[in-house]
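S.K.: Questions regarding the structure given below will be posed in turn.
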Amino acid sequence: MVLFLVLILVFSVPAFSQQGAAIERGLQAGTGAGVEQVLTQSTDIAGEWVVRNWQNRMERSTGPALGDYLGMPLNEAGRLRAETFDAGEWSVQDLQCRPHPVPYQWRAQGAMRITKETDPVSRELVAYHVQYVRSLDRAIYMDGRPHPPDYAPHTWEGFSTGHFEGNDLVITTTHLKESYIRRNGPMMSDQAKATEWISRHGGYLTITTYIEDPQYLEEPFIQSVTYQWEPHTELEYFPCTIVNENISNKIPHFLPGKNPWLREFSEQEGLPYEATRGGAETMYPEYRAKMKNMKVAPLKPTPRAF
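Following the working numbering, the numbering of the sequence shown begins with 729 at its first residue and continues without gaps.
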């Protein structure tokens, strides 16, 4: 019994010494902080947040026009996939309750809630859990676990791990299903990888998304969105019920080269059709000079709702 007590004392001294040293450093620095300062090195992002989509309000109003791929780094396969899109697919029963995928979730409507999962013994952060209005709850693991093997199932929310770099939370997500990255047809494949940076500035979060996709993108697709802290809000309940509104004998889509609406956007806006096809070069300012030498179809102005 005496030996047991001696062993406990020997092995517990380093731990108490570390805490004592931390407290002493805090006091010497004049901060009055000790262990608490050591344990809160990262920025807390937990709470209730509402979207403030100042960067691109078109995403949440009428949405981008069909055939508008300007500034999107689509490769030939990605362009072909986007051109098959028919908005009527949302009426298909299998897709009516399809959740928004990662990382499109950030750009969707409504509020979100971020909660922390901590180890009950060590009190260390295990994961953040993100809840959205029309999406599956998403876990972001912070405990250093590896990503699963390639053959593991792919889901709408994927598999996410995170770590802090300074005050920024950096998230890496793999194992995503093929899904949309914009409302008018552009898609990411199931080989896509998403990297996200969450930066907190007081009561605001800036989320920057960086999508890499060897199947559909020539270069990474980068976007950002802002959220505002709102402690007086509650996450809306979103029940989804599948209904058979439109009985049809076909799946809404267009075969390659058969979509009749792809030129509508360029004709309404007075833009070269070639430019609206997207591609990595359309992301850069230098592309404007190239557009000056492109043929422009006669302008067909049509009012659009905002």
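Quick reminder that beta carbons are idealized off the backbone N, C-alpha and C, glycines included. Note that the structure is predicted; figures quoted are calculated from it, not measured.
For the candidate residues Q859, S976, W957 and P848, whose alpha-carbon lies nearest to that of Q833?
M.R.: The residue labelled residue 833 in the question sits at position 105 within the sequence shown. Checking every option, the nearest Cα to that of Q833 belongs to Q859.
S.K.: What's the C-alpha gap between D1072 and S863?
M.R.: This structure cannot settle anything about residue 1072, because the visible part of the chain is limited to 729 through 1034.
S.K.: The alpha helix (DSSP H) with E852 in it runs from where to where?
M.R.: On the sequence shown, residue 852 is found 124 positions in, with the first residue counted as 1. Taken as a continuous stretch (DSSP letters only), E852 belongs to no alpha helix (DSSP H), as it is neither H nor E.
S.K.: Would you identify the three-state DSSP class for L823, choosing helix, strand or coil?
M.R.: Position 95 of the sequence shown, counting from 1, holds the residue named residue 823. The answer is helix: DSSP assigns L823 an H, G or I state.
S.K.: Whole angstroms are fine: how far does the CA of G816 sit from the CA of H981?
M.R.: Position 253 of the sequence shown holds residue 981. Position 88 of the sequence shown holds residue 816. Rounded to the nearest angstrom, the two C-alpha atoms are 8 Å apart.
S.K.: Only counting the same chain, and skipping five residues up and downstream in sequence, which positions put a Cβ closer than 8 Å to that of W782?
M.R.: Position 54 of the sequence shown, counted from the start, is the residue given in the question as residue 782. So the qualifying residues of the chain are T954.
S.K.: Of the residues A774, R826 and I899, which one's Cα is nearest the Cα of S888?
M.R.: As a first step, residue 888 must be located in the sequence shown, where it is residue number 160. Measuring from the Cα of S888, the nearest candidate turns out to be I899.
S.K.: Counting pairs of Cβ atoms below 8 Å between the region 878 to 894 and the region 903 to 914, do you hit three or more?
M.R.: Judged by Cβ distances under 8 Å, the region 878 to 894 makes contact with the region 903 to 914, as three or more pairs qualify.
S.K.: State the DSSP-derived secondary structure class of E947, mapped to helix, strand or coil.
M.R.: Along the sequence shown, read from residue 1 onward, the residue named residue 947 stands at position 219. In the structure shown, E947 sits in coil (DSSP, three-state: anything other than H, G, I, E or B).
S.K.: If contact is defined by three or more beta carbon pairs under 8 Å, each pair taking one atom from either stretch, is the region 1004 to 1023 in contact with the region 939 to 953?
M.R.: Judged by Cβ distances under 8 Å, the region 939 to 953 makes contact with the region 1004 to 1023, as three or more pairs qualify.
S.K.: In this structure, how does DSSP classify R862 when only helix, strand and coil are distinguished?
M.R.: Working through the sequence shown from its first residue, we reach residue 862 at position 134. Coil.
S.K.: Could you name the residues of the same chain whose beta carbon sits closer than 6 Å to that of N987, not counting the 5 residues immediately before and after it, in chain order?
M.R.: Position 259 of the sequence shown holds residue 987. Excluding residues within five positions, the ones whose Cβ falls inside 6 Å are E811.
S.K.: With distance defined between alpha-carbon atoms, name the residue in R835, P881 and P827 nearest to W777.
M.R.: In the sequence shown, the residue the question calls residue 777 occupies position 49. Ranking the options by Cα distance to W777, first place goes to R835.
S.K.: Between which two residues does the alpha helix (DSSP H) containing F887 stretch?
M.R.: Taking the sequence shown and counting its residues from 1, the one referred to as residue 887 is at position 159. Not the alpha helix (DSSP H): F887 falls in the beta strand (DSSP E), residues F887 to E893.
S.K.: For a minimum of 4 consecutive residues, which ranges assigned as the alpha helix (DSSP H) are wholly contained in the region 929 to 1005?
M.R.: You should have 992 to 997.
S.K.: Between H828 and E852, what straight-line distance do the alpha-carbon atoms span, to the nearest angstrom?
M.R.: Locating residue 828 in the sequence shown gives position 100, where the first residue counts as 1. Locating residue 852 in the sequence shown gives position 124, where the first residue counts as 1. Rounded to whole angstroms, H828 to E852 spans 30 Å at the Cα level.
S.K.: Per DSSP, what kind of secondary structure is L808 in: helix, strand or coil?
M.R.: As a working mapping, residue 808 is identified with position 80 in the sequence shown. Reduced to three states, the DSSP call for L808 is helix.
S.K.: Here's the rule I'm using: 16 or more other beta-carbon atoms within 10 Å means buried, otherwise exposed. How should F949 be labelled?
M.R.: For this step, residue 949 is matched to residue 221 along the sequence shown. When all chains shown are included, F949 counts as buried.
S.K.: Rounded to a whole number of angstroms, what is the C-alpha to C-alpha distance between G754 and T771?
M.R.: As a working mapping, residue 754 is identified with position 26 in the sequence shown. As a working mapping, residue 771 is identified with position 43 in the sequence shown. At G754 the pLDDT is 47, less than 50, meaning the model places this residue with poor confidence and gives no usable figure here.
S.K.: Skipping 5 residues on each side, what residues in its chain have a beta carbon closer than 6 Å to that of R780?
M.R.: Here residue 780 is taken as the residue at index 52 of the sequence shown, counted from 1. Once the five neighbours on either side are set aside, the close Cβ partners of R780 are T954 and Q956.
S.K.: Do I979 and Q821 have their CB atoms nearer than 8 Å?
M.R.: On the sequence shown, position 251 is the one that residue 979 refers to. On the sequence shown, position 93 is the one that residue 821 refers to. For I979 and Q821, no; Cβs fall outside 8 Å.
S.K.: Tell me, to the nearest whole angstrom, how far the beta carbon of A920 is from that of D896; I am working on the premise that it is less than 8 Å.
M.R.: In the sequence shown, counting from the first residue as 1, residue 920 sits at position 192. In the sequence shown, counting from the first residue as 1, residue 896 sits at position 168. The Cβ separation is near 22 Å, so there is no contact.
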